[in-house]
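K.L.:
Heads up: the sequence lines are chains B and S, in that order.
FYI, in this note's numbering the residues of the first sequence are 1 to 804.
FYI, in this note's numbering the residues of the second sequence are 805 to 945.
Even glycine gets a Cβ: it sits at the ideal position worked out from N, Cα and C.
Sharing a structure here in structure tokens format.
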Amino acid sequence: MKPPHQALSASWRPTGLLLRSTLAVILASLLAAVVAVAYTAQATSERAHQTSQTRLNELLDTIESTLAVACFANDQTLAVEVTQGLLSNSDVLAVNITTDQAVLADGRREGANVAQTSGLLKRLIYSPFDASKQVGQILLTPDPQVIEGRIREEVWLAAVQLSWQLGMVTFAVVVMMLLFIVRPIKAMSDRLHRMDPTRGERLATPKRHARTEIGQLVADINALSDRLTDTLATERELRLQGDIDEKKYHTIFDNAESGLFLIDHRGVLMSWNPAFAQLFDIDRQPPGQTLTALNINQLPWQNPTQMDKLVQNALRQSAAVTKDLQILIPGVERSWTNVVLRSVGNNLLQGVVHDVSHLKESEANARQLAITDPLTGLANRLGLEQRLHAHVQEYAATKTGGFALLMVDMDEFRRINEGMGLPAGDSILQITTRRLSACLGSEDTLARLAADRFCIILNHITQGDVVDRVAGRITLAIRQPYFVDGSPVNLHASIGIALFPSDGFDVPSLLRQAELAMDNAKSSGGDGHVFFNPVLTEAAEQRRHLESDLRSAIRNHEFVLFYQPVIDLRTLRLSGAEALIRWRHPTRGLVPPDSFIPLAEKTGLVVEISLLMLDTACAQLQTWQNQGLDYTLSLNVSGRQIPDGLSPATLHEVVSRYGISPDKLALEITEGVMLRDIDKSLAWVNAVHALGFRVYLDDFGTGYSSLSYLKMFPVDTLKVDKSFVKDMKDDGNEFTLVGAIIAMGRSLGLDIVAEGVELESHLLALQRMGCHYAQGYYFSPPVPAQEFEAVAARVTTLLALPAP
Amino acid sequence: MKVLLSTLFLVLSGLGSTARAEPVVVVSAASSLRQLSQDEVVNIFLGRYRRLPNGDTALPIDQPESSPVRADFYRRLVNKDLNEINAYWSRLIFSGRTSPPLQASSAADVMVWLLGQPGGVAYVDRTQVDKRLRIVMEFAR
Numbered sequence: 001m002k003p004p005h006q007a008l009s010a011s012w013r014p015t016g017l018l019l020r021s022t023l024a025v026i027l028a029s030l031l032a033a034v035v036a037v038a039y040t041a042q043a044t045s046e047r048a049h050q051t052s053q054t055r056l057n058e059l060l061d062t063i064e065s066t067l068a069v070a071c072f073a074n075d076q077t078l079a080v081e082v083t084q085g086l087l088s089n090s091d092v093l094a095v096n097i098t099t100d101q102a103v104l105a106d107g108r109r110e111g112a113n114v115a116q117t118s119g120l121l122k123r124l125i126y127s128p129f130d131a132s133k134q135v136g137q138i139l140l141t142p143d144p145q146v147i148e149g150r151i152r153e154e155v156w157l158a159a160v161q162l163s164w165q166l167g168m169v170t171f172a173v174v175v176m177m178l179l180f181i182v183r184p185i186k187a188m189s190d191r192l193h194r195m196d197p198t199r200g201e202r203l204a205t206p207k208r209h210a211r212t213e214i215g216q217l218v219a220d221i222n223a224l225s226d227r228l229t230d231t232l233a234t235e236r237e238l239r240l241q242g243d244i245d246e247k248k249y250h251t252i253f254d255n256a257e258s259g260l261f262l263i264d265h266r267g268v269l270m271s272w273n274p275a276f277a278q279l280f281d282i283d284r285q286p287p288g289q290t291l292t293a294l295n296i297n298q299l300p301w302q303n304p305t306q307m308d309k310l311v312q313n314a315l316r317q318s319a320a321v322t323k324d325l326q327i328l329i330p331g332v333e334r335s336w337t338n339v340v341l342r343s344v345g346n347n348l349l350q351g352v353v354h355d356v357s358h359l360k361e362s363e364a365n366a367r368q369l370a371i372t373d374p375l376t377g378l379a380n381r382l383g384l385e386q387r388l389h390a391h392v393q394e395y396a397a398t399k400t401g402g403f404a405l406l407m408v409d410m411d412e413f414r415r416i417n418e419g420m421g422l423p424a425g426d427s428i429l430q431i432t433t434r435r436l437s438a439c440l441g442s443e444d445t446l447a448r449l450a451a452d453r454f455c456i457i458l459n460h461i462t463q464g465d466v467v468d469r470v471a472g473r474i475t476l477a478i479r480q481p482y483f484v485d486g487s488p489v490n491l492h493a494s495i496g497i498a499l500f501p502s503d504g505f506d507v508p509s510l511l512r513q514a515e516l517a518m519d520n521a522k523s524s525g526g527d528g529h530v531f532f533n534p535v536l537t538e539a540a541e542q543r544r545h546l547e548s549d550l551r552s553a554i555r556n557h558e559f560v561l562f563y564q565p566v567i568d569l570r571t572l573r574l575s576g577a578e579a580l581i582r583w584r585h586p587t588r589g590l591v592p593p594d595s596f597i598p599l600a601e602k603t604g605l606v607v608e609i610s611l612l613m614l615d616t617a618c619a620q621l622q623t624w625q626n627q628g629l630d631y632t633l634s635l636n637v638s639g640r641q642i643p644d645g646l647s648p649a650t651l652h653e654v655v656s657r658y659g660i661s662p663d664k665l666a667l668e669i670t671e672g673v674m675l676r677d678i679d680k681s682l683a684w685v686n687a688v689h690a691l692g693f694r695v696y697l698d699d700f701g702t703g704y705s706s707l708s709y710l711k712m713f714p715v716d717t718l719k720v721d722k723s724f725v726k727d728m729k730d731d732g733n734e735f736t737l738v739g740a741i742i743a744m745g746r747s748l749g750l751d752i753v754a755e756g757v758e759l760e761s762h763l764l765a766l767q768r769m770g771c772h773y774a775q776g777y778y779f780s781p782p783v784p785a786q787e788f789e790a791v792a793a794r795v796t797t798l799l800a801l802p803a804p
Numbered sequence: 805m806k807v808l809l810s811t812l813f814l815v816l817s818g819l820g821s822t823a824r825a826e827p828v829v830v831v832s833a834a835s836s837l838r839q840l841s842q843d844e845v846v847n848i849f850l851g852r853y854r855r856l857p858n859g860d861t862a863l864p865i866d867q868p869e870s871s872p873v874r875a876d877f878y879r880r881l882v883n884k885d886l887n888e889i890n891a892y893w894s895r896l897i898f899s900g901r902t903s904p905p906l907q908a909s910s911a912a913d914v915m916v917w918l919l920g921q922p923g924g925v926a927y928v929d930r931t932q933v934d935k936r937l938r939i940v941m942e943f944a945r
């Protein structure tokens with residue numbers, strides 16, 4: 001603490017509150033004193049003059065009667081006496097008494113100013129005996145010095161009194177200021193000098209100031225300190241956090257694998273990270289004073305103008321812009337980068353650069369893969385279509401050119417894959433590829449569409465004869481034997497040809513036309529080529545029409561079963577029937593199976609149709625069973641139904657549903673169907689047979705007629721093809737052949753059904769040869785279910801006739 | 805009422821006139837002075853002037869102190885009683901500039917001095933006026 005006198009002297013600083021307020025109080029007091037004294041002087045002067053007048057008047061009153069006598073009697077002596085008396089009064093300077101005749105007395109104080117005229121007091125003197133009669137007058141000159149002296153005295157007194165009072169007030173004000181304001185403020189100021197608010201130090205409220213403005217000030221300062229320290233603490237925390245963040249970001253920046261950089265609107269690089277430096281092989285340090293500014297354009301872009309455009313785009317919009325840009329660095333063959341630029345305000349752009357060379361390579365590979373066939377290295381369907389589109393567009397642009405599209409499909413290639421295995425097939429395809437390539441020119445395109453299907457574009461070739469020659473060369477080339485594991489394999493191909501622009505204008509129709517032509521070539525035996533012909537399109541159209549007809553036929557239950565009686569030749573009785581499908585077409589009438597079954601097989605509709613027919617057949621068997629007729633019914637099964645289209649489980653379920661014994665239902669399969677996929681067929685036949693169904697081998701004699709298969713498959717019955725039976729003549733070949741089949745079947749323990757019995761001679765011959773069953777027009781054509789009863793009756797009647 | 809009041813007034817004045825003397829200012833019949841105003845009488849008797857209008861020096865003469873006409877005279881002249889008149893004179897006498905009227909010791913003395921002095925002026929009761937005397941001023945009734 002400072003000694004009090006020091007504190008006090010500090011309070012009297014020239015700029016101090018105390019000195020200023022004291023001076024102000026003194027000045028105000030002086031002003032007030034001057035005004036007060038002036039007023040007092042004025043008032044006192046008036047009052048003094050008044051008092052003087054009053055006194056003189058009173059004086060005159062006392063001498064008036066004497067003076068009246070003196071004036072009345074013109075008594076100078078008396079008048080002089082009165083004058084002397086008046087002059088003895090200090091207020092009176094001079095006295096002059098006159099009557100209308102003479103001056104009675106004229107006395108004045110010694111040394112008085114003769115010229116004194118102001119403040120003269122005049123009184124008229126009347127006769128003592130007649131109040132209305134003036135007998136003289138007296139003029140009294142008051143002494144101004146006396147009055148002034150009195151005024152001075154009074155003013156002096158007032159001044160002294162005022163000085164005292166003002167002095168006291170000033171003193172009191174100063175003391176109050178000192179005690180109540182200056183000292184507490186000084187104390188607060190001293191305390192504030194040494195105070196450290198961050199350590200929680202606060203101002204103490206001065207004594208007895210808890211409720212004063214000083215106390216309020218202290219509270220306010222303390223509150224302010226609180227807020228400031230709070231803000232400081234927050235600030236410090238934020239700064240700390242900021243430091244940490246900055247370190248963190250710096251680490252990320254430095255260690256990022258992507259190139260990060262900052263450029264201004266002209267493209268000048270402001271800063272970059274090590275990854276960026278490494279990518280572009282530039283200095284690691286951002287440009288300092290020593291380094292010249294580096295523009296992003298100066299980096300080894302393959303096309304710097306693209307970079308410029310990217311910068312301009314980024315500056316124009318707030319969203320990030322990105323582009324893949326190629327860079328050229330010596331020693332690196334090609335390198336792709338992906339650049340992302342984003343405006344960060346202040347005309348600055350922040351950028352990220354990735355090395356995307358690997359991505360680009362993979363992308364190119366993938367793109368190549370997508371249009372390439374891995375086995376042969378040829379273009380695949382996509383590649384072919386791209387090429388075709390390119391040619392079509394080229395033609396559209398130049399109106400010159402044109403090309404021929406050849407679709408080459410190996411005939412019966414499936415046989416190779418199934419019989420010799422996929423590797424053999426693949427090898428053959430590769431050889432085929434080489435042979436085909438050898439037939440083509442450098443402008444031509446060879447592609448592999450599917451397993452054994454190739455496509456060839458003969459560019460700029462539209463003349464039919466030229467194409468014809470090339471197709472012939474190809475046919476010849478494929479006809480050359482292939483050697484698989486040393487064994488020669490002979491193959492041929494079907495070729496469909498479509499010409500652009502004469503056949504079709506767009507890629508899909510060209511491909512379809514070539515395919516149609518190829519199908520046509522194939523269906524006419526293969527090993528040749530066919531040019532597209534609009535008729536082919538028509539046929540395809542018809543087929544499509546038929547297909548939709550088939551679908552609606554299924555919906556409308558237009559398929560029906562016809563039944564052809566089968567006769568037991570041993571008993572000459574009706575043993576049952578073969579169920580044959582017919583299509584009762586609403587406009588075309590009854591359609592034979594040959595007209596729709598191939599397409600139904602191709603489209604898979606046959607599965608659905610045959611399931612319906614199975615249902616119908618079982619219903620018929622049930623009817624017969626209910627009528628007490630012990631007929632069997634045979635149903636044709638196509639290749640598409642084996643093994644899943646008509647699964648053993650389904651068969652079992654259906655017959656169970658109708659309550660029919662399985663041995664009443666026979667399933668007829670051709671050799672071709674059986675041999676198509678031997679393993680699957682065998683499994684199916686075994687399963688069906690095990691369930692109690694009987695299996696007939698249909699059309700026996702037209703195919704391989706392999707005995708080993710006959711032994712392998714659990715077949716119950718052989719059906720001799722009607723062509724053999726129909727042509728049976730006495731001692732003819734066919735006769736012998738049928739007999740041989742019957743004999744062989746019998747020796748294998750199989751029942752024989754002869755189809756196509758049309759003549760009585762057939763019947764007799766078959767009977768002779770020991771054939772078990774027969775069917776044919778001799779007995780009855782296939783008939784609808786409702787006619788079957790009548791037919792059965794007629795057949796029974798026919799058979800009951802004695803043989804001629 | 806009015807009749808009553810006037811009757812009363814007459815009675816009173818009648819009483820007065822009978823009880824008091826009626827002073828008049830007189831000079832010697834031989835004098836050339838014929839008339840004096842009341843102011844002139846005041847000036848002469850109270851010492852202001854001592855000159856008569858005819859140029860003679862006036863010689864005012866007072867009746868004896870005890871004479872009732874003297875008191876009446878001064879009462880009528882300046883409405884003062886004799887004490888007041890005496891007080892007045894006492895102030896003037898000291899200076900010596902003027903003097904009070906001649907003091908007669910009897911009515912007879914008044915007549916002697918009046919007739920004997922040329923400027924003599926006196927007041928007498930009207931009843932005392934004879935041929936030797938001339939009234940120069942009468943008080944209004």
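1. Would you mind working out which of B/D196, B/R108 and B/D698 sits nearest B/T229, comparing C-alpha positions?
2. For the beta strand (DSSP E) that B/R448 lies in, which residues bound it at each end?
3. B/H585 to B/V489, Cα distance in whole Å?
4. My output table needs one value for B/G126: the three-state DSSP class, helix, strand or coil.
5. Can you tell which of B/L310, B/L192 and B/L491 has the C-alpha that lies nearest to the C-alpha of B/I431?
6. To the nearest angstrom, how far is it from the Cα of B/L446 to the Cα of B/R415?
7. Please report the distance separating the alpha-carbon of B/R805 from that of B/H557.
8. Measure how close the beta-carbons of B/N459 and B/F403 come, nearest whole angstrom, since I'm counting them as under 8 Å.
9. Are any of the Cβ atoms in chain S nearer than 7 Å to that of B/A73?
10. For B/V103, which residues in chain S fall below 8 Å Cβ to Cβ?
11. Let me know the secondary structure DSSP gives B/E578 once reduced to three states.
12. Pull up the distance between the alpha-carbon of B/M270 and that of B/L240, whole angstroms please.
13. Out of B/F693, B/A275 and B/Q145, which one is the CA nearest neighbour of B/S45?
14. Using 7 Å as the limit for Cβ to Cβ distance, is B/T77 near chain S?
15. For the beta strand (DSSP E) holding S/P827, just list the boundary residues, first then last.
16. Relative to the C-alpha of B/R657, which residue among B/Q641, B/D615, B/Q627 and B/N626 is closest?
17. Tell me, please, which residues DSSP counts as bridged to B/R573.
18. Residue range of the alpha helix (DSSP H) that B/Y709 falls in?
19. Would you report the Cα separation of B/I151 and B/V82, rounded to the nearest angstrom?
20. Beta carbons nearer than 7 Å to chain B: which residues of the region 852-863 of chain S have them?
21. Between S/T931 and chain B, is any beta-carbon pair separated by less than 7 Å?
22. I believe B/K719 touches B/L750 by the beta-carbon criterion, under 8 Å. Please report the beta-carbon distance rounded to the nearest angstrom.
23. Could you give the first and the last residue of the continuous beta strand (DSSP E) run that contains B/D468?
24. Decide if B/W156 is buried, meaning its Cβ has at least 16 other Cβ atoms within 10 Å, or exposed.
25. Just how far apart, CA to CA, sit S/L906 and B/T62?
26. Against chain S, with Cβ distances strictly below 7 Å, would B/V69 count as a contact?
27. Give the single residue among B/I138, B/D452, B/H193 and B/R191 whose Cα lies nearest to the Cα of B/R381.
28. Looking at C-alpha atoms only, which residue of B/L31, B/R387 and B/H529 is the closest neighbour of B/G464?
29. Counting only Cβ-Cβ distances shorter than 8 Å, please list the residues of the region 90-102 of chain B near chain S, keeping chain order.
30. Tell me whether the region 91-105 of chain B and the region 919-937 of chain S touch, counting them as touching only if at least three CB pairs, one residue from each stretch, are closer than 8 Å.
31. By a C-beta neighbour count over all protein chains shown, 10 Å radius and 16 as the cutoff for buried, is B/W583 buried or exposed?
32. Mind pulling the chain S residues with CB within less than 7 Å of B/T66?
33. Just mark B/Y704 as buried or exposed, buried being the case when its beta carbon has 16 or more other beta carbons within 10 Å.
P.N.:
Taking the coordinates as given:
1. B/D196
2. Its beta strand (DSSP E) spans residues T445 to A450.
3. Per the coordinates, the alpha-carbon of B/H585 lies some 46 Å from the alpha-carbon of B/V489.
4. Before going further, note that residue 126 of chain B is Tyr rather than Gly in the sequence given. In the structure shown, B/Y126 sits in a strand (DSSP, three-state: E or B).
5. B/L491
6. Looking at the two C-alpha atoms, the distance is approximately 24 Å.
7. No statement about residue 805 of chain B is possible, as the shown extent of chain B runs from 1 to 804 and does not include it.
8. 5 Å
9. yes
10. Residues of chain S passing the Cβ test: none, with the nearest at roughly 15 Å.
11. strand
12. 26 Å
13. Measuring C-alpha to C-alpha distances from B/S45 to each of B/F693, B/A275 and B/Q145 identifies B/Q145 as the nearest.
14. Judged by the 7 Å Cβ criterion, B/T77 is in contact with chain S.
15. P827 to S832
16. B/R657 has its Cα closest to that of B/D615, out of B/Q641, B/D615, B/Q627 and B/N626.
17. B/D568
18. L707 to M712
19. Roughly 29 Å between the two C-alpha positions.
20. R852
21. no
22. The Cβ separation is near 10 Å, so there is no contact.
23. Note, B/D468: premise wrong, no beta strand (DSSP E); alpha helix (DSSP H) at G464 to R479.
24. exposed
25. 31 Å
26. yes
27. B/D452
28. B/H529
29. none
30. no
31. buried
32. R895
33. Burial is judged here by how many other beta carbons sit within 10 angstroms of a residue's own beta carbon; B/Y704 has fewer than 16 and is exposed.
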